[in-house]
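Structure record follows, encoded as structure tokens.
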Amino acid sequence: SNPTGATGLDRKSRAKFEQDRLLELGARKEKGVRTPAKIGTGIARKAAWREQRSIDEAIASGMVSRKAIAEKKRREAKKRLAGQDRGLFEDRGTFDAKRGVLRLKK
């Protein structure tokens, strides 16, 4: 008899069932197969290209406007930066070229 209770499952399903059971008991999640960086960057580049193509198609069909997309990007960037403390670089300061000094406010 099977101690896990996964008697009627095939090999892959049983492995997933046992992994889920171990996670419930507090074990760490098993790491996936490592993807080489060269392949990962290619996959990311292709995903970005697909995303851009879908945006272009939506604009061409009239579903969205470029202005709406730009506003959404600005809104998301503002939301992302809202809670961050940017320290001394908050306003970039003023540069005194004669003395070569960058003045920063706190």
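Our numbering puts the sequence shown at residues 410 to 515. We put the beta carbon where it would ideally sit given N, CA and C, even for glycine.
- Annotation for ASP429: the continuous alpha helix (DSSP H) segment containing it runs 420-433.
- The three-state secondary structure of THR416, taken from DSSP, is coil.
- For ARG483, the enclosing alpha helix (DSSP H) covers residues 475-491.
- Bounds of the alpha helix (DSSP H) holding THR450 are 446-470.
- Under the three-state reduction of DSSP output, LEU511 falls in the strand class.
- Between ALA479 and VAL473, the C-beta spacing is not below 8 Å.
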